[in-house]
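Below: one structure, written as structure tokens.
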Amino acid sequence: MKKVGDQVAADEAIAEIETDKTNLNVNSPQAGVLEELLVADGDNVTSGAQVAKINTSSGGPKRTPAVSGFFRTILNCINLFFLLCV
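Numbering of the sequence shown is given in this note's numbering, commencing with residue 8 and proceeding in unit increments.
Structure follows, in structure tokens:
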């Protein structure tokens, strides 16, 4: 969705997580510039994993998790669902 160097607004979708059941947007927790994508397309990610680095100031990069609390809860529920189904 977003590329390195793109400006992002707080709560703007920067990536998408796809499962066999649903697709979820990953929203930026704050405004800034997308400095780095920490996972590649097709990689598996776990709940709460940091997927991007967002520069929120001119003082240099600041690592921030790019998974909001709401989506972290959804991912935890999906993980729990898959654990219960196995």
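Just so you know, even glycine gets a beta-carbon here, dropped at the ideal spot from N, CA and C.
Alpha-carbon to alpha-carbon, serine 64 and methionine 8: 22 Å
Element boundaries [beta strand (DSSP E), containing lysine 60]: 59 to 62
Nearest to glutamine 37 (by Cα), restricted to the options Val46, Lys60, Val11 and Lys10: Lys60
Closest Cα partner of glutamate 42 within the set Ser54, Val33, Glu23 and Val58: Val58
6 Å Cβ shell around aspartate 13 - same chain, five flanking residues per side excluded: Leu41
Proline 68 in three-state terms, based on DSSP: For proline 68, the predicted model reports a pLDDT of 48, less than 50, meaning its position is unreliable; a value from the coordinates is still stated below. Reduced to three states, the DSSP call for proline 68 is coil.
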